[in-house]
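S.K.: The structure that follows is given in the form of structure tokens.
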Amino acid sequence: MDWRFTDDRPIWLQLTEQLTRRIITGVYPPGSRLPPVRELAAQAGVNPNTMQKALAELERDGLLKSQRTSGRFVTDDKEKIMEVRTTLAYDEIARMVDTISSLGYHREDIPQLLERFLSSQQSAPLSEQKAGEFPGKF
503 MDWRFTDDRP
513 IWLQLTEQLT
523 RRIITGVYPP
533 GSRLPPVREL
543 AAQAGVNPNT
553 MQKALAELER
563 DGLLKSQRTS
573 GRFVTDDKEK
583 IMEVRTTLAY
593 DEIARMVDTI
603 SSLGYHREDI
613 PQLLERFLSS
623 QQSAPLSEQK
633 AGEFPGKF
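Quick note: to get this note's numbering, add 502 to the position in the sequence shown (first position is 1).
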């Protein structure tokens with residue numbers, strides 16, 4: 503998984519988001535030890551202080567825990583990880599609903615649109631689908 507940054511938001515915040523995604527998708531499993539700050543910073547191509555700020559934020563959020571002599575570890579609390587995962591999914595759904603609504607659809611149309619889309623994409627994973635592959639009219 504590559505580190506990608508944009509100029510529209512602080513780097514530490516983008517690091518926090520990307521590390522969160524790595525935790526909730528299992529790249530860093532519950533209870534696993536994270537690489538040291540300097541190593542993570544080198545991988546991401548950022549200043550260690552910037553990485554430190556992102557990791558401190560994840561500790562405040564409860565996704566990481568620090569052990570003084572052993573380093574940082576992903577929380578063992580699978581419920582906490584699932585809660586964050588669900589919250590991020592809801593945030594994505596809210597953005598999708600706003601975008602579809604801005605196209606002129608009513609909120610009541612969205613479940614049917616989504617069902618038709620998902621049934622037309624049966625075999626390939628969603629990450630492999632291309633824009634514009636949705637067949638038919640609504």
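No residue lacks a Cβ here, since even glycine has one placed at the ideal position from N, Cα and C.
Bear in mind that the values here come from a model prediction, so they are computed numbers and not experimental data.
Beta strand (DSSP E) containing F619: first to last residue?
M.R.: No beta strand (DSSP E) contains F619, which is instead part of the alpha helix (DSSP H) from 612-622.
S.K.: Nearest-angstrom Cα distance between T508 and P538?
M.R.: Computed Cα separation, rounded: 24 Å.
S.K.: Whole beta strand (DSSP E) runs in the segment 505-580 with 3 or more residues, listed along the chain?
M.R.: Entirely contained in the segment 505-580, the beta strand (DSSP E) runs reaching 3 residues are, in chain order, 566-569, 573-576.
S.K.: With H, G and I counted as helix, E and B as strand and the rest as coil, what does DSSP make of Y607?
M.R.: Y607 falls in the coil class under three-state DSSP.
S.K.: Find the nearest neighbour of L515 within the set D504, Q554, E585, K582, judged by alpha-carbon distance.
M.R.: For L515, the nearest C-alpha among the options comes from Q554.
S.K.: Would L557 pass as a contact of R574 if the rule is Cβ separation under 8 Å?
M.R.: Yes, the Cβ-Cβ distance between L557 and R574 is below 8 Å.
S.K.: Whole angstroms is fine: what's the gap from G564's alpha carbon to P613's?
M.R.: If you take the alpha carbons of G564 and P613, they lie about 33 Å apart.
S.K.: Tell me which residues share the same chain as S568 and place their Cβ nearer than 7 Å to its Cβ, disregarding the 5 neighbours each side in the sequence.
M.R.: Within the same chain, S568 has close Cβ partners E561, R574.
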